[in-house]
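Undergrad: Sharing a structure below in structure tokens format, with a few things to ask.
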Ligand code: SF4
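Numbering (the working numbering), first residue to last: -15 to 450.
So, in structure tokens, the structure goes:
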């Protein structure tokens, strides 16, 4: 899971815009960040570093990044390590001209693609799937760069939303199932693409539409041109984007993410009611679902019982367990007097490793809570994801998988008095029935989602499923 941005302006330097846009996408990856700019197709300027946005880009660096066209990325490593070589955007050459590429998603045939490149005498610049894509484009003969991109895309398997900077333009690509998000926005001076609409907001742009599954479009100073636009035959959008990844104010599939989560919380309260004195939504990712649960259950809102310190951001995307544990302890503080002697229901979006819930249960017991129940507004996260989260590398850490989906065993491991999950059917119903805030509304069917981490139905089959 990463955040990507592409911007073409007729009149402005774009580095500062991308800085704010990347800030808005920081929740999608914080291991490294990079951006590259180009002045009317002249030589590109690049800056990339390990760390979060304020560490990577100083005012001085942003001033050096001149140009009115640019792409940028926040990285959360998936196929390869978190290292300097894998910082994006990644550079390539086609027909003697440089291009740069930034990717959100994950390919499942990276090894095959790397082998193909090596057999053709080209060593990808890094071990990531994105570096393999860059090498493939470099190796592809075609009458135009756009045609080379189109030919390359046909070799890719998995999830990919791409922004590619070439001369004075950006090529925007989304895989044919539209697994990862990508949206198009407009400002007076040009066009912007971003992983989420929250980034458009921070860059002063308004949403025009989502980039369609399978679409390849070219954006330059003259506007946006659909280069290749097959009809959408299947949509398999990542359901976990709506449960956890995307920011609640983002608009995905025409719906506000927070509204979707609130709906999930309402259905959770109907499916799995609880007897309790207070409901505590675990901030921030459990907030909206928690508010929906409170609305239906009529149990008093206990959100003041937990303080999120903001000393630390998302713990799920920390690469090391010890850091995740410390992260949870730094992130949350329980206010003892608000939980002492009370029956508490914790609401969370998901339980992946169980790190957050285990630590919170420990602190709640220490604070004197009488009973601790948990209600989760997604099904048990059982199977690894191969399309952009590294759970395929840490499959043994998935608490539901380790307990073979036995909810009673998971409950015991977490130390809870009761534990229930929203069923997949109701999670999907909650999305479909959430009113659109954008017209025309994208009409959705239950099979329009990838939910493989819940049901193991992988829309693009990995060669080996663990
Ligand atoms: S497996 Fe899960 S996290 Fe991965 S794309 Fe599918 S729904 Fe999203």
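Heads up, the beta-carbon is just placed ideally off N, CA and C, and yes, glycines get one too. Since the model is a prediction, treat every value here as computed from it, not as a measurement.
#1: Compute the distance between the beta-carbons of residue 436 and residue 367, then report whether it is under 8 angstroms.
#2: Can the beta-carbon of residue 145 be found less than 8 angstroms from the beta-carbon of residue 88?
#3: Under the rule that 16 or more other beta-carbon atoms within 10 Å means buried, what is residue 180, buried or exposed?
#4: Among 291, 294, 227 and 264, which has the Cα closest to the Cα of residue 282?
#5: Please confirm whether any heavy atom of ligand 1 lies closer than 7 angstroms to the CB of residue 416.
#6: So what's residue 159 in DSSP terms, helix, strand or just coil?
#7: Would you mind working out which of 243, 291, 259 and 261 sits nearest residue 275, comparing C-alpha positions?
#8: Does DSSP classify residue 199 as helix, strand or coil?
#9: Hey, which unbroken runs of the beta strand (DSSP E) at 3 residues or more fall wholly within the region 74 to 154?
#10: Just the Cα atoms here: how many angstroms apart are residue 189 and residue 221?
#11: Among the residues of its own chain, which have a CB less than 6 angstroms from the CB of residue 458, if the five just before and after it don't count?
#12: Between which two residues does the beta strand (DSSP E) harbouring residue 59 extend?
#13: Who pairs with residue 265 in a beta bridge, going by DSSP?
#14: Suppose the cutoff is 7 angstroms on Cβ atoms and the five residues either side in sequence are ignored; what does the same chain contact list for residue 403 look like?
#15: Residue 435: beta carbon under 7 angstroms from a heavy atom of ligand 1?
#16: Looking at C-alpha atoms only, which residue of 254, 290 and 268 is the closest neighbour of residue 277?
#17: Is the CB-CB distance between residue 40 and residue -2 below 8 angstroms?
#18: In angstroms, rounded to a whole number, what distance separates the CA positions of residue 91 and residue 142?
#19: Is it buried or exposed for residue 236, if we count other Cβ within 10 angstroms and need 16 for buried?
#20: Ends of the beta strand (DSSP E) at residue 208?
#21: Along the beta strand (DSSP E) that carries residue 28, what are the first and last residues, could you check?
#22: Tell me whether residue 420, by its Cβ, gets closer than 7 angstroms to a heavy atom of ligand 1.
#23: So what does DSSP say about residue 450, is it helix, strand or coil?
#24: With 16 as the cutoff for other CB atoms within 10 Å, does residue 449 come out buried or exposed?
#25: Using a 10 Å radius around the Cβ and a threshold of 16 neighbouring Cβ atoms, would you call residue 444 buried or exposed?
#26: State the Cα-Cα distance for the pair residue 122 and residue 423, rounded to the nearest angstrom.
TA: So, from the listed chains and residues:
#1: Going by C-beta atoms, residue 436 is nearer than 8 angstroms to residue 367.
#2: yes
#3: buried
#4: 264
#5: Flag unset: Cβ of residue 416 not near ligand 1.
#6: If DSSP states are grouped into helix, strand and coil, residue 159 belongs with coil.
#7: Distances from the CA of residue 275 to each of 243, 291, 259 and 261 were compared; the closest alpha carbon is that of 243.
#8: coil
#9: 74 to 78, 81 to 91 and 142 to 150
#10: 24 angstroms
#11: With the chain covering only -15 through 450, there is no way to say anything about residue 458.
#12: Segment 53 to 59, the beta strand (DSSP E) holding residue 59.
#13: 331
#14: Cβ contact annotation for residue 403 (same chain, cutoff 7 angstroms, sequence separation greater than five): 358, 391, 394 and 395, in chain order.
#15: Yes.
#16: The candidate whose alpha carbon is nearest that of residue 277 is 254.
#17: In this structure, residue -2 does not lie closer than 8 angstroms to residue 40 by Cβ.
#18: 4 angstroms
#19: buried
#20: 207 to 212
#21: Counting along the chain, the unbroken beta strand (DSSP E) around residue 28 starts and ends at 28 to 34.
#22: no
#23: Below a pLDDT of 50, predicted positions are generally treated as unreliable, and residue 450, at 48, falls in that range; no measurement from the model is reported.
#24: Here residue 449 scores only 49 on pLDDT, less than 50, and its place in the model is too uncertain to base an answer on.
#25: buried
#26: Roughly 40 angstroms between the two C-alpha positions.
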